[in-house]
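Asker: Take a look at this one; I'll ask things after.
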Amino acid sequence: MERNTKLGLIVVSIAVISLIAVIVAALSGEPAVLDPETPEGVVQAYVTAVADEDWAEVRSLLSADLVERCDLSELSVGRVDEISRVSIDDVSISGDIAVVNVVITHVSADDPLSTSTWDEEASFVLVDEDGWIFDEMSWPYFPCRWDEP
29 MERNTKLGLI VVSIAVISLI AVIVAALSGE PAVLDPETPE GVVQAYVTAV ADEDWAEVRS
89 LLSADLVERC DLSELSVGRV DEISRVSIDD VSISGDIAVV NVVITHVSAD DPLSTSTWDE
149 EASFVLVDED GWIFDEMSWP YFPCRWDEP
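Residues 29 to 177 (my numbering) are what the sequence shown spells out, left to right.
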């Protein structure tokens with residue numbers, strides 16, 4: 029009977045380890061790509077482009093007024109903080125204005141062995157001009173001139 033108990037414990041242990049591996053893989057996988065025609069999809073594209081330092085993509089998500097005030101050389105000198113995760117908290121649309129509220133999770137960079145994180149809330153305001161775009165620079169990136177052109 030002791031042999032059956034050991035065998036049972038081994039089988040249960042393997043099942044638990046497998047389940048944990050599946051959960052970790054699911055949680056650490058690539059984020060779902062949101063519809064780029066929606067405000068939250070545009071926010072995802074913006075945050076991804078900023079993180080990847082893809083300034084042409086960032087610029088493509090800006091209104092004509094911002095593009096006029098924000099050339100590629102200005103975009104490339106802005107400072108970008110390390111971001112661990114951006115989660116959409118809420119989306120509200122009223123006519124041609126959308127507000128996408130997010131929670132940004134930062135990982136502490138002070139200690140490479142630390143797992144400490146901190147959260148920050150931010151709001152992105154977009155306008156619908158034949159597609160959702162930014163009409164003002166939004167977190168995490170403010171490199172462009174604020175004065176009128």
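For glycine and all other residues, C-beta sits at the position ideal for the given N, C-alpha and C.
Put E81 into one of helix, strand or coil per three-state DSSP.
Answerer: Here E81 sits in coil by DSSP.
Asker: Determine which residues share a DSSP beta bridge with T133 and list them.
Answerer: T133 is bridged to R113 and D147.
Asker: Let's test the definition: count the other Cβ atoms within 10 Å of the Cβ of P67 and tell me whether it reaches 16, buried, or not, exposed.
Answerer: Label assigned to P67: buried.
Asker: Tell me whether the segment 114 to 122 and the segment 82 to 102 touch, counting them as touching only if at least three CB pairs, one residue from each stretch, are closer than 8 Å.
Answerer: The segment 114 to 122, when compared against the segment 82 to 102, does not touch it at the 8 Å Cβ threshold.
Asker: Is S166 near T133, with beta carbons less than 8 Å apart?
Answerer: No. Outside cutoff.
Asker: Using only CA atoms, which one of A126, A92 and D82 lies nearest to G69?
Answerer: Nearest C-alpha to G69: A126.
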